[in-house]
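So our numbering is basically just the index in the sequence shown, starting at one, shifted up by 1.
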Amino acid sequence: MPTVLITGAGRGLGLEFVRQYAAQGWRVHACARRPEKAEASKGEVLTHPLDVRDAGQIAALRDALAGEAIDLLINNAGIYGPRGASIANVSDADWLEVFHVNSVAPLRVASALAENVAKSGLKLMVFITSQLGSIARMGAGVQPYRMSKAALNAGVRGLSLELAGRGITSVVFHPGWVRTDMGGAGAALDPKTSIAGMRAVIARLKASDNGRFLDYDGAEIPW
Ligand code: NAP
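As C-alpha cells, this is what we get:
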C-alpha cells in the first residue's frame, strides 16, 4: 500500500486524514506537536515530533526518513492567528507567526521531503490552503490569514513548476468550512466529509492537475 505523511496530524483535519488513510491500509507518517490521538488510530501509524516552524525538527525528520518513498505528502498544519485580527490591530509578531506556519513552513517541509516523494509511485504533494486566500474572491478582515494562504498558493504554484520535472504533482486544496477547532461548531461540513472528499479527488489526480487550486470536492477555485 502507498505511504502518506501528514503534518498537523494531532487533531482536526490532519487527524482525520490519519484515520481515513490508516483505515484504508496506507502506511501513515503522522507528524505533530502532540501525536497522542494519531498514535491511538487503528492501522499502521508511525508518529514523529514536528513543530513545522522548527528547522531542526524538519531536518531530523528528513534524516529519519532518508531513502523511504513517500507517495503523498500532505502539508496540513496551519493557524488562523488572533481572532478578529485585521491590518489595523494585529501585531507584527502575530502577523509574521501566521506567515511562518502557513506560508513558509509548508514549503520548507516540501523541500526537505521532495526526494522521498520523487522516488515514490504516486509522487503527490497536497497543501491545505483556504478559499479565504483567493485574490479573485478576496474579502475584508482576517488579512493576516488571508494573505498567508495567498502566499502559500503563490509558493506552491512556483514549487509545482520546479518539481514537475521530477514527476511530482502538487496541488492546493480548500478543505471546505469544516467543524474543527479552527472552523468552529457552526461550520458547514464535518471532518469526515471534507477528508473523504479530498481523498477521492487525490485518488484521481493526474500530472495535468499540477499547480491547481481545488475545493474539497474537486471544483476549481479561482486564484
Ligand atoms: P485546527 O483544528 O485548528 O488544527 C490545526 C492543526 O495544525 C493542529 O493539528 C495543530 O497542531 C497544527 N499546527 C498548528 N501550528 C503548528 C505548528 N507550529 N507545528 C505543527 N503543527 C501545527 O485546524 P483545522 O481546521 O484542522 O485546519 C487544518 C488546515 O486546514 C489548516 O491549514 C487550515 O488553515 C485549513 N483550513 C481549515 C478550514 C476549516 O474550516 N476548518 C477552512 C479552510 C482551511 P497542535 O495541536 O500542535 O496545535
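We put the CB at the ideal spot given by N, CA and C, even for glycine.
This one's a predicted model, so the numbers in the text were calculated from it and none came from an experiment.
**Prompt:** If you compare alpha carbons, which of 192, 174, 12, 193 is closest to residue 210?
**Reply:** 174
**Asked** If you check the beta carbons only, do residue 150 and residue 162 fall under 8 Å apart?
**Response** no
**Message:** Suppose you measure from the CA of residue 156 to the CA of residue 61; what does that come to, to the nearest Å?
**Reply:** 23 Å
**Message:** Checking 8 Å against the spacing of the C-beta atoms, do residue 39 and residue 10 come in under that value?
**Reply:** yes
**Item:** Option in 122, 176, 201, 199 with minimal Cα separation from residue 189
**Value:** 176
**Prompt:** Looking at C-alpha atoms only, which residue of 74, 101, 195 is the closest neighbour of residue 82?
**Reply:** 101
**Prompt:** Over what stretch of residues does the beta strand (DSSP E) that includes residue 190 continue unbroken?
**Reply:** Segment: none, residue 190 is in no beta strand (DSSP E) and carries neither H nor E.
**Prompt:** So what's residue 33 in DSSP terms, helix, strand or just coil?
**Reply:** strand
**Asked** Do you know whose CA, among 122, 183, 154, 124, lies nearest residue 105's CA?
**Response** 154
**Prompt:** So what does DSSP say about residue 145, is it helix, strand or coil?
**Reply:** helix
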